[in-house]
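Report on one structure; see the data block that follows.
Numbering (my numbering), first residue to last: 48 to 494.
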């Protein structure tokens, strides 16, 4: 067993500088997958080279696509066309990535081939029934471990059926899995989501030549229709910086006195950028500079300067647009003045860890008062009292990269250092996190 790699975060001076964080993980996964089922060459710039995305690249190679790294962030994929993937000779290792696993199950479900999916301990504990159910309707057959978990084997449908599927809860992963399964089905595959979730799949499918229609329904719901069996063509894809990674830098600047940071080329898709609105609700001094469109996605530079935060209520309606940013936003709330209430958090319980319970455990150990419900959290901030979050604890990351980074950020403003027991998982989404944060002025000590 690999030894744990711990890191201790110490209170630091102002975080200052202009940086670009790694590429967007969600877009990186999708670019590799769609490049593999498009005809011709897809050139990808800014691809995230974290462990999760490298697992996706390896899986596409295993199913016959040519996937080559040209230089840092520059990749080329030569695809096989819709329905052209080949049966892999060995299991597809998805590492820590639930996104890669669920999306790729969707792609395989409509391909008429058999594949076994495996993952690390964290991913293997996460139920896959939310995609198994709709993909079974498409015609795929699953042999899963107890509770719908991995390892599991999927036999894709020889004649995939187009389905209309109404999501029981908002999930971009499930929506995307169904749409990808529908690529090789005749007719129209329809997904109805109760509220809008990140739409990278819809945008990228369109970019590669698929016909995708999005209809707004009553009550904020959406109907997404994919016309099956399109001829996808290789395209150039520019991957923006990942707003989920940028969030750790932004919150660091928001809670460390005197900080002034600009994060460049950040993806600002409205269905992903909830963290910006929430930081504004906290009273953060945050501005978008040079907003522009690149490869169908909104990007811009984000500047944030330290300003004392005040507690706020974050509505459930914003959850889909910032679901991965909640752990570090809880850290921000701990440093704010007064109470903050977060609602609509049920999705956090089925991430790489039960992020709600794990954050409660860690915040409590760091001396922060919290109240936890099934799908809500109240954080009682210490800002405005002349005090700091006490800190001085060792926190368990539970194999969750976002938990690890959130407590390292909190340690930058805490009275006493915060130690994270295992920071190895950080490389799944934010390779170079320690070096980048130290370049801005953070003090992170390996022990």
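A virtual CB, placed ideally from N, CA and C, is assigned to each residue, including glycine.
Test item: CB-CB of residue i and residue j under 8 Å
{"i": "residue 363", "j": "residue 390", "result": "yes"}
{"i": "residue 208", "j": "residue 224", "result": "no"}
{"i": "residue 423", "j": "residue 449", "result": "no"}
{"i": "residue 144", "j": "residue 102", "result": "yes"}
{"i": "residue 114", "j": "residue 108", "result": "yes"}
{"i": "residue 419", "j": "residue 403", "result": "yes"}
{"i": "residue 460", "j": "residue 440", "result": "no"}
{"i": "residue 187", "j": "residue 162", "result": "no"}
{"i": "residue 314", "j": "residue 344", "result": "yes"}
{"i": "residue 487", "j": "residue 63", "result": "yes"}
{"i": "residue 286", "j": "residue 94", "result": "yes"}
{"i": "residue 447", "j": "residue 171", "result": "no"}
{"i": "residue 483", "j": "residue 280", "result": "no"}
{"i": "residue 308", "j": "residue 320", "result": "no"}
{"i": "residue 227", "j": "residue 153", "result": "yes"}
{"i": "residue 458", "j": "residue 356", "result": "no"}
{"i": "residue 490", "j": "residue 59", "result": "yes"}
{"i": "residue 104", "j": "residue 81", "result": "no"}
{"i": "residue 350", "j": "residue 336", "result": "yes"}
{"i": "residue 185", "j": "residue 211", "result": "no"}
{"i": "residue 354", "j": "residue 332", "result": "yes"}
{"i": "residue 174", "j": "residue 149", "result": "no"}
Presumed contact (8 Å Cβ cut-off) between residue i and residue j, rounded CB distance
{"i": "residue 358", "j": "residue 428", "result": "5 Å"}
{"i": "residue 342", "j": "residue 311", "result": "Contact flag wrong, Cβ pair sits at about 16 Å."}
{"i": "residue 380", "j": "residue 436", "result": "Actually they are not in contact, since the Cβ atoms of residue 380 and residue 436 sit about 10 Å apart, beyond 8 Å."}
{"i": "residue 322", "j": "residue 378", "result": "About 12 Å; that fails the 8 Å criterion."}
{"i": "residue 465", "j": "residue 56", "result": "5 Å"}
{"i": "residue 326", "j": "residue 366", "result": "Actually they do not touch by this definition, with Cβ atoms about 16 Å apart."}
{"i": "residue 111", "j": "residue 133", "result": "4 Å"}
{"i": "residue 217", "j": "residue 250", "result": "So it is not a contact: roughly 17 Å between Cβ atoms."}
{"i": "residue 445", "j": "residue 405", "result": "5 Å"}
{"i": "residue 252", "j": "residue 259", "result": "5 Å"}
Of the listed residues the options, nearest to residue i (C-alpha basis)
{"i": "residue 147", "options": "219, 183, 161", "result": "219"}
{"i": "residue 257", "options": "230, 263, 241", "result": "230"}
{"i": "residue 244", "options": "466, 477, 316", "result": "316"}
{"i": "residue 70", "options": "338, 439, 291, 454", "result": "291"}
{"i": "residue 470", "options": "442, 344, 459", "result": "442"}
{"i": "residue 84", "options": "59, 58, 411, 129", "result": "129"}
{"i": "residue 138", "options": "127, 131, 151", "result": "151"}
{"i": "residue 438", "options": "301, 226, 382", "result": "382"}
{"i": "residue 267", "options": "318, 127, 234", "result": "318"}
{"i": "residue 200", "options": "211, 182, 214, 212", "result": "182"}
{"i": "residue 164", "options": "191, 176, 184", "result": "191"}
{"i": "residue 96", "options": "169, 82, 73, 455", "result": "73"}
{"i": "residue 141", "options": "106, 330, 82", "result": "106"}
{"i": "residue 451", "options": "468, 340, 79", "result": "468"}
{"i": "residue 385", "options": "406, 375, 360", "result": "360"}
{"i": "residue 215", "options": "178, 250, 251", "result": "178"}
{"i": "residue 396", "options": "472, 374, 378", "result": "374"}
{"i": "residue 222", "options": "321, 234, 104, 240", "result": "240"}
{"i": "residue 276", "options": "242, 262, 235", "result": "235"}
{"i": "residue 135", "options": "206, 254, 194, 202", "result": "202"}
{"i": "residue 421", "options": "463, 252, 407", "result": "407"}
{"i": "residue 264", "options": "213, 282, 348", "result": "213"}
{"i": "residue 52", "options": "473, 477, 485", "result": "473"}
{"i": "residue 77", "options": "204, 370, 255", "result": "255"}
Residues bridged to residue i [DSSP beta-bridge criterion]
{"i": "residue 235", "result": "274"}
{"i": "residue 176", "result": "Residue 176 is not bridged to any residue."}
{"i": "residue 307", "result": "63, 352"}
{"i": "residue 76", "result": "Partner(s): none; residue 76 has no beta bridge."}
{"i": "residue 87", "result": "126"}
{"i": "residue 341", "result": "344"}
{"i": "residue 212", "result": "238"}
{"i": "residue 57", "result": "490"}
{"i": "residue 390", "result": "423"}
{"i": "residue 477", "result": "Its beta-bridge partners do not exist; DSSP assigns none."}
{"i": "residue 280", "result": "86"}
{"i": "residue 191", "result": "199"}
{"i": "residue 162", "result": "201"}
{"i": "residue 417", "result": "426"}
{"i": "residue 140", "result": "165"}
{"i": "residue 504", "result": "Not covered by the structure: residue 504. The range shown for the chain is 48 to 494."}
{"i": "residue 115", "result": "123"}
{"i": "residue 360", "result": "388"}
{"i": "residue 465", "result": "56"}
{"i": "residue 334", "result": "350"}
{"i": "residue 70", "result": "288"}
{"i": "residue 149", "result": "In the DSSP output, where bridge partners are listed per residue, residue 149 has none listed."}
Chain C contact for residue i (CB, 8 Å cutoff)
{"i": "residue 346", "result": "Chain labels in this structure do not include chain C; a single protein chain is all it has."}
Discussion item. Using a Cβ distance threshold of 8 Å, determine whether the region 90-104 contacts the region 112-132, with at least three qualifying pairs required.
Written reply: yes
Discussion item. For the region 265-280 against the region 294-304, do three or more pairs of beta-carbon atoms, one drawn from each stretch, fall closer than 8 Å, so that the two count as touching?
Written reply: no
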